[in-house]
Amino acid sequence: MKASSNNRILMLLENQAYPQDVRVRREANALTAAGYTVSVICPAKPGQPSREVIKGVRIYRYPEPSGSNGFLGYVWEYTYSTSASFAISMIVLFCGGFDVIHAHNPPDTFVFIAAFYKIFGKRFVFDHHDLSPEMYEARMLGGGNRVVYHALVLLEKLTCFFANHVIATNESYKKIEIERGGVPEERITVVRNGIELDRARNTEPERALVGKGKIIIGYVGVMGFQDGVDYLLRALHHLIHDLRRTDFYCVLVGTGDAWPKLRDLAQQLGLDPYVWFTGFVPSEKMRSCMCAADICVAPEPSNPFTDRSTMVKIIHYMSISKPIVAFDLPEHRFTAADAAIYVKPNEELSFAKAIAELMDDPRRREALGALGRRRFEAELAWEYSVPKLLEAYQGILPRPKKTVRNVTEEPEIELTPRPNPTLSTPRKPQDWNPAGPRKLSLRSSSPACCPKASRYSECKFRGK
-9 MKASSNNRIL MLLENQAYPQ DVRVRREANA LTAAGYTVSV ICPAKPGQPS REVIKGVRIY
51 RYPEPSGSNG FLGYVWEYTY STSASFAISM IVLFCGGFDV IHAHNPPDTF VFIAAFYKIF
111 GKRFVFDHHD LSPEMYEARM LGGGNRVVYH ALVLLEKLTC FFANHVIATN ESYKKIEIER
171 GGVPEERITV VRNGIELDRA RNTEPERALV GKGKIIIGYV GVMGFQDGVD YLLRALHHLI
231 HDLRRTDFYC VLVGTGDAWP KLRDLAQQLG LDPYVWFTGF VPSEKMRSCM CAADICVAPE
291 PSNPFTDRST MVKIIHYMSI SKPIVAFDLP EHRFTAADAA IYVKPNEELS FAKAIAELMD
351 DPRRREALGA LGRRRFEAEL AWEYSVPKLL EAYQGILPRP KKTVRNVTEE PEIELTPRPN
411 PTLSTPRKPQ DWNPAGPRKL SLRSSSPACC PKASRYSECK FRGK
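In this note's numbering, the protein residues as written are -9 to 454.
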């Protein structure tokens, strides 16, 4: 279907590349399938072209900024990325145009681009992925510079003020947007993260894990400073030394800025014979590792950020019928409901005891897994979120009369993120340093995005 003049969406993404950011990819594909024309501006991973088309989505990339440490590093990253995104948005404007800017945070500095285009009648959708002020506090272990914190709050408020519509990932974020951002409830739509039903399937378990002949404990996801993998490692130490259990093996799938120091911590705790840090693995390998797990864990500690955030790993676990041990956080309980054993927040010994309890009760493991799968199928699959996304856009742009095509999802490749921007590195442990991003492969590029380009040589742009 030929794009009409009022169904064009420009997405801005800084914290990850495309299609590596799974939520952005799913939203872009859903909107494209509904007949909208979607373009995405984002940083490029090594080896990715500056522009290509994937499943009908036009992607414009700028060179990824160098690794950033500390306040000045993140100021540079934000300034560079926002400036690059604005420059490329001008190219997109003259190569077909756009009607809506759809900004995915972090950072919240995209508000300045949106505010500029609102002068010319463009609409602004704020897709609220993360609570930046709370994330900053979590990474600073509850401390940090209060000036930085209040600056992040101000940026969030500005973003909410200029947004024509806000997309929240859960009800906790919606409450923040109403109370702190001053957004009327009717201008907020909750579009929860999820997994497609046809992707939620069991696969052959990882043979290296099955051959261990032990209870397999599984973790999948990002390993940042706020993700609680250090809590899990200390709980495993309790499991061995306080509960006298050595009949387990833990696989930790994924990577992140805390990954190197988490490996060091495991070695310090004497866990090397009991844990396997896989690092980045393809999606099929990730699934096979999780399918081999007998128990899956969500060790995020309680803090103002994790208490309000939905962890997609829990939905992954439920989709393949795995029992869960998690700290008792509000959004954990909302997501998993009766499919998990909940432990008093941040108590590592209690976490270890809950794992041991499930290790000794295979029937309960099976029952919890079945409850999780039923809840996933009935409420949490991505298919339940798509109508809400399209309904939100129906109020922003007239919906196209015909769909473009059925869009097939790209593989899951979300486990190698760039460090979450929080304007600072954590204080403790003192020697923790962010790890640089790993390389990700991508299929060959598609045809040019902008056939109408002339002066810009088909809109090909360069940067250093």
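Backbone N, C-alpha and C fix where the C-beta goes; we use that ideal spot for every residue, glycine too.
Determine, using beta carbons only, whether residue i and residue j come nearer to each other than 7 Å.
i	j	result
residue 370	residue 329	no
residue 120	residue 97	no
residue 321	residue 160	yes
residue 325	residue 296	no
residue 256	residue 288	no
residue 456	residue 372	No statement about residue 456 is possible, as the shown extent of the chain runs from -9 to 454 and does not include it.
residue 205	residue 349	yes
residue 128	residue 216	yes
residue 110	residue 153	no
residue 184	residue 375	yes
residue 246	residue 214	yes
residue 279	residue 356	no
residue 192	residue 44	no
residue 53	residue 34	yes
residue 3	residue 140	no
residue -3	residue 26	yes
residue 292	residue 335	yes
What residues match up with residue i in a beta bridge as DSSP calls it?
i	result
residue 495	The requested residue 495 does not occur in the structure, where the chain is confined to residues -9 to 454.
residue 266	241
residue 178	156
residue 88	Answer is none; residue 88 lacks a bridge partner.
residue 27	-2
residue 41	50
residue 326	Its beta-bridge partners do not exist; DSSP assigns none.
residue 460	Absent from the model: residue 460. The displayed extent of the chain is -9 to 454, so no value can be given.
residue 209	242
residue 129	In the DSSP output, where bridge partners are listed per residue, residue 129 has none listed.
residue 64	DSSP output for residue 64 lists no bridge partner at all.
residue 113	90
residue 462	Outside the displayed range of the chain (-9 to 454) lies residue 462, so it cannot be described from this structure.
residue 227	BP columns for residue 227 are empty, so no partner.
residue 317	333
Between the Cα of residue i and those of the options, spot the shortest distance and give me the residue it belongs to.
i	options	result
residue 174	164, 128 and 182	164
residue 112	-1, 246, 345 and 285	-1
residue 194	281, 122 and 219	281
residue 208	43, 383, 214 and 226	226
residue 186	357, 19, 354 and 381	19
residue 469	179, 290 and 353	In the structure as shown, the chain starts at -9 and stops at 454, and residue 469 therefore has no counterpart that could be examined.
residue 88	319, 219, 31 and 376	31
residue 189	377, 363 and 353	363
residue 49	40, 56 and 105	40
residue 262	272, 293, 230 and 273	230
residue 176	155, 55 and 170	155
residue 313	354, 323 and 277	354
residue 81	293, 298 and 29	29
residue 220	203, 138, 252 and 122	252
residue 341	25, 223, 178 and 65	223
residue 133	27, 323, 294 and 385	294
residue 235	122, 78, 344 and 178	344
residue 36	24, 144 and 55	55
residue 384	136, 24 and 218	24
residue 106	368, 149 and 138	149
residue 144	125, 171 and 130	171
residue 303	218, 228, 166 and 51	218
residue 201	38, 368, 78 and 238	238
residue 276	122, 228 and 198	198
residue 74	51, 135 and 151	51
residue 298	359, 122, 63 and 179	122
Report the CB separation of residue i from residue j in whole angstroms; it is logged as a contact under 8 Å.
i	j	result
residue 72	residue 114	Not really, about 15 Å apart at Cβ, beyond 8 Å.
residue 47	residue 22	6 Å
residue 232	residue 339	6 Å
residue 157	residue 382	6 Å
residue 378	residue 181	5 Å
residue 92	residue 1	5 Å
residue 366	residue 285	Rounded, the Cβ-Cβ distance is 17 Å, inconsistent with contact.
residue 84	residue 103	Actually they do not touch by this definition, with Cβ atoms about 16 Å apart.
Three or more C-beta pairs below 8 Å linking the segment 268 to 284 and the segment 235 to 244: yes
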